[in-house]
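Undergrad:
2 protein chains.
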Amino acid sequence: TFRTRNLTKVYRTGDVEVHALRGVDLDIGESEIVALLGPSGSGKSSLLNIIGGLDTPSDGEVFFRDLNLTTLSAAGLTRYRRDNVGFVFQFYNLIPSLTARENVELVTELAKNPMRPEEALDLVDLSNRLDHFPAQLSGGEQQRVAIARAVAKRPKVLLCDEPTGALDSETGVLVLEVIERVNRELGTTCALITHNASIAAMGDRIVRFFDGQIASDVRNASR
Amino acid sequence: TFRTRNLTKVYRTGDVEVHALRGVDLDIGESEIVALLGPSGSGKSSLLNIIGGLDTPSDGEVFFRDLNLTTLSAAGLTRYRRDNVGFVFQFYNLIPSLTARENVELVTELAKNPMRPEEALDLVDLSNRLDHFPAQLSGGEQQRVAIARAVAKRPKVLLCDEPTGALDSETGVLVLEVIERVNRELGTTCALITHNASIAAMGDRIVRFFDGQIASDVRNASR
Ligand SMILES: Nc1ncnc2c1ncn2[C@@H]1O[C@H](COP(=O)(O)OP(=O)(O)OP(=O)(O)O)[C@@H](O)[C@H]1O
Ligand SMILES: Nc1ncnc2c1ncn2[C@@H]1O[C@H](COP(=O)(O)OP(=O)(O)OP(=O)(O)O)[C@@H](O)[C@H]1O
Ligand SMILES: [Mg+2]
Ligand SMILES: [Mg+2]
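Sequence lines, in order, name chains X and Y.
Going by this note's numbering, the first sequence opens with residue 1153, and the numbers climb by one from there.
Going by this note's numbering, the second sequence opens with residue 1153, and the numbers climb by one from there.
(1) What residues of chain Y sit near X/Ser1197, judged by a beta carbon separation below 8 Å?
(2) CA-CA distance, Y/Asn1236 and Y/Val1276?
(3) For X/Gln1242, name the three-state secondary structure that DSSP assigns.
(4) Scan the region 1278 to 1323 of chain X and note each continuous beta strand (DSSP E) run of 3 residues or more that stays entirely inside, going in chain order.
(5) Which chain Y residues sit within Cβ distance under 9 Å of X/Gln1365?
(6) Among Y/Asp1313, Y/Glu1293, Y/Phe1241 and Y/Gly1355, which one has its Cα closest to the Cα of Y/Glu1332?
(7) Less than 7 Å between C-beta atoms, sequence neighbours within five positions excluded: which residues of the same chain meet that for X/Ala1352?
(8) Do X/Phe1216 and X/Leu1178 have their C-beta atoms within less than 9 Å of each other?
(9) Residues of chain C with CB under 7 Å from Y/Pro1191, in chain order?
(10) What does the Cβ neighbour count give for Y/Asp1313, buried or exposed, with the cut at 16 atoms within 10 Å?
(11) Would a check of beta-carbon distances place Y/Glu1254 closer than 9 Å to chain X?
(12) So, does the CB of Y/His1284 fall closer than 9 Å to a CB anywhere in chain X?
(13) Verify the contact flag: Y/Ile1345, CB atom, against every heavy atom of ligand 4, threshold strictly below 8 Å.
(14) So, for X/Glu1270: in the same chain, excluding its five sequence neighbours on each side, which residues have a beta-carbon less than 8 Å away from its beta-carbon?
(15) Since Y/Ser1192 and X/Thr1323 should fall inside the 8 Å C-beta cutoff, what is the C-beta to C-beta distance between them, to a whole number of angstroms?
(16) Take the Cβ of Y/Ile1366 as the centre, count every other Cβ of all protein chains shown within 10 Å, and call the residue buried at 16 or more, exposed below.
(17) Can the beta-carbon of Y/Asn1265 be found less than 9 Å from the beta-carbon of Y/Arg1306?
(18) Candidates X/Lys1308, X/Phe1285, X/Arg1234 and X/Gln1294: which alpha carbon is nearest X/Pro1315's?
(19) Residue range of the beta strand (DSSP E) that X/Val1176 falls in?
(20) Is there at least one Cβ from chain X nearer than 9 Å to Y/Glu1314's Cβ?
(21) My output table needs one value for X/Ser1249: the three-state DSSP class, helix, strand or coil.
(22) Whose C-alpha, out of Y/Val1256, Y/Val1259 and Y/Pro1286, is nearest the C-alpha of X/Thr1165?
(23) Which of helix, strand or coil does DSSP assign to Y/Asp1218?
(24) Is it the case that the CB of Y/Ser1321 approaches a heavy atom of ligand 2 more closely than 8 Å?
(25) Using a Cβ-Cβ cutoff of less than 7 Å, which residues in the same chain neighbour Y/Leu1319 once the five nearest sequence positions on both sides are dropped?
(26) Compute the distance between the beta-carbons of Y/Met1267 and Y/Ala1298, then report whether it is under 9 Å.
(27) Would you verify that the beta carbon of X/Thr1208 is, or is not, closer than 9 Å to some beta carbon of chain Y?
(28) Can you tell me where the beta strand (DSSP E) holding Y/Asn1158 begins and where it ends?
(29) Looking only at C-alpha atoms, which of X/Gly1317, X/Ala1349, X/Ser1290 and X/Arg1336 sits nearest to Y/Lys1196?
(30) Y/Ser1198 and Y/Asp1207 - do their beta-carbons sit closer together than 9 Å?
(31) Which residues in chain X have a C-beta closer than 8 Å to the C-beta of Y/Phe1377? List them in chain order.
(32) X/Val1327: beta carbon under 8 Å from a heavy atom of ligand 1?
(33) Can you look up X/Arg1093 in the DSSP assignment and give me helix, strand or coil?
(34) For X/Arg1281, verify whether its CB is less than 8 Å away from any heavy atom of ligand 1.
(35) Do you know how far the Cα of Y/Leu1262 is from the Cα of X/Glu1329?
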């Protein structure tokens, strides 16, 4: 599904340069579940944002199937994201003035064959919070709305940045089951940034980042 | 340090009531480290916000030493927080228009005997990010700025909502050492909401929430 070659990302703040990605080559196959691990600041979110079409590299190439993302305009990237990618952000990015249900609806309205918002929120056990606004939800509940929003569009690709970071272990297991089901039933390719060992264990592969590069890429024998 | 009696919190949204805290009795002793655990939505952040003076209960009482927080005005609560409490929020709450250093400075300027901002940020290994704005920091880096900001004021009380949620295990250990040092050197009383087993293990006590009540309160034999 994805192929990156020499993917490089440099952030410039004033005259300081941060080399967030230093030539990353990563292949992700159709319907694979890949766990992305690594220390804080090692480049994981930067990589995910680029393959998700939310940001552009400073150098190198990234392909989604035959589509070279680096050749797309801003409008092209928006179309690519809308038609293919479900994204769970590290900071949830819910719209504060919309309820949980409306936040999911915003995304399903534009999708070709979406779940109903109520269905998606039920998968993450939030049927009793449909009309709450983000400020009226606990941290873990906000994270679950973000997950429901991403899976509701039945995307080809699910990119999750720390999907269980704010969740206790039981609720985290619930979310992992939702992700596994989407992968099994829809063939959704999943890339998940995590510090959670059980997410890492569910993946086909574990890719470790260090200081902007891939330090190791190990196939999970048990899957 | 803290004593709550029948602490109750009901949120009303329209005609729906959420009973977030259902009569909580909790005592926290001077210089104790207490870990607060429990499922998503079980009331942990609600409890922490009330003892931290960020919110008020619907019923019941909460004392900080001899001070009854429920008798304070908004201005009184602000003074209480400023003079006594370092708070690490579940969503970091950094000011987007200020750099890492300035975010910490904002808090140390008002404190009686603070660390220098650079010192606090060095404790959490962010000396090379002093002039970055929150949007230019990774998730874990933002969380670490929030921690530096809370400990820099050398508070009597440190209240942390998921202080290592966005951190890999090594960086998480670094943060735990910062918290332990503040507790050991300053006698700071610490209450930490966490899903992280190593934080729970470092506490004097482990208090478990379930559906707005305390389900168990266990002293940690090893400490
Ligand atoms: N401002 C609010 N208005 C309405 N309901 C609220 C509000 N804040 C929280 N709640 C509800 O109160 C319950 C307890 O919330 P709280 O944030 O204390 O849980 P928590 O234990 O911190 O959860 P998490 O582990 O997910 O952060 C949740 O079910 C939430 O939906
Ligand atoms: N917009 C930006 N401007 C400047 N520097 C940035 C920006 N975004 C990220 N960085 C820097 O790039 C590095 C990599 O950031 P990235 O968010 O990819 O890390 P990460 O692996 O996701 O970390 P975490 O586990 O803490 O979320 C970090 O050191 C960060 O300070
Ligand atoms: Mg990140
Ligand atoms: Mg919470």
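Quick reminder that beta carbons are idealized off the backbone N, C-alpha and C, glycines included.
Keep in mind that this is a model prediction, so the values were computed, not measured.
TA: Here's the rundown:
(1) Under the 8 Å cutoff, chain Y gives Ser1290 and Gly1291.
(2) For Y/Asn1236 and Y/Val1276, the distance between alpha carbons rounds to 22 Å.
(3) DSSP, reduced to helix, strand and coil, places X/Gln1242 outside both helices and strands of the structure shown, so it counts as coil.
(4) Counting only runs of 3 or more, we get 1309 to 1313.
(5) Under the 9 Å cutoff, chain Y gives no residues; its nearest Cβ is about 16 Å from X/Gln1365.
(6) For Y/Glu1332, the nearest C-alpha among the options comes from Y/Gly1355.
(7) Within the same chain, and ignoring the five residues on either side of X/Ala1352 in sequence, the residues whose Cβ sits closer than 7 Å to its Cβ are Ala1187, Leu1189, Thr1346 and Ile1358.
(8) Cβ atoms of X/Phe1216 and X/Leu1178: not closer than 9 Å.
(9) The question asks about chain C, but that chain is absent: this structure's protein chains are X and Y.
(10) Buried.
(11) No, its Cβ sits nowhere closer than 9 Å to a Cβ of chain X.
(12) The beta-carbon of Y/His1284 is placed less than 9 Å from the nearest beta-carbon of chain X.
(13) Taking non-hydrogen atoms of ligand 4 into account, the C-beta of Y/Ile1345 is found less than 8 Å away from one of them.
(14) For X/Glu1270, where only same-chain residues beyond five positions count, the Cβ hits under 8 Å are Arg1253, Ser1279 and Leu1282.
(15) Yes, Y/Ser1192 and X/Thr1323 are in contact; Cβ-Cβ is about 5 Å, under 8 Å.
(16) Buried, since its Cβ has 16 or more Cβ neighbours within 10 Å.
(17) Taking 9 Å as the Cβ cut-off, Y/Asn1265 and Y/Arg1306 qualify as a contacting pair.
(18) Comparing alpha carbon positions, the residue from X/Lys1308, X/Phe1285, X/Arg1234 and X/Gln1294 closest to X/Pro1315 is X/Gln1294.
(19) Its beta strand (DSSP E) spans residues Val1168 to Ile1180.
(20) Yes, Y/Glu1314 lies at the interface with chain X (some Cβ there is under 9 Å from its Cβ).
(21) Coil at X/Ser1249, not helix or strand.
(22) Residue Y/Pro1286 holds the alpha-carbon nearest to the alpha-carbon of X/Thr1165 among Y/Val1256, Y/Val1259 and Y/Pro1286.
(23) When DSSP states are grouped into helix, strand and coil, Y/Asp1218 belongs to the coil group.
(24) In this structure, Y/Ser1321 has its beta carbon at no less than 8 Å from each heavy atom of ligand 2.
(25) Scanning its chain for C-beta atoms nearer than 7 Å, with the 5 sequence neighbours on each side dropped, one finds around Y/Leu1319 the residues Gly1292, Gln1295 and Val1327, in chain order.
(26) No; because the gap between Cβ atoms is not below 9 Å, this pair is not in contact.
(27) No, no contact with chain Y.
(28) That run of the beta strand (DSSP E) goes Phe1154 to Thr1165.
(29) Out of X/Gly1317, X/Ala1349, X/Ser1290 and X/Arg1336, X/Ser1290 has the C-alpha closest to the C-alpha of Y/Lys1196.
(30) Their beta carbons are under 9 Å apart, which means Y/Asp1207 touches Y/Ser1198 by this criterion.
(31) Residue 1377 of chain Y is absent from the model: chain Y starts at 1153 and stops at 1375.
(32) Incorrect: X/Val1327 has no Cβ contact closer than 8 Å to ligand 1.
(33) Chain X is shown from 1153 up to 1375; residue 1093 of chain X falls before or after that span and cannot be answered.
(34) Ligand 1 approaches X/Arg1281 closely enough that one of its heavy atoms is under 8 Å from the residue's Cβ.
(35) Rounded to whole angstroms, X/Glu1329 to Y/Leu1262 spans 47 Å at the Cα level.
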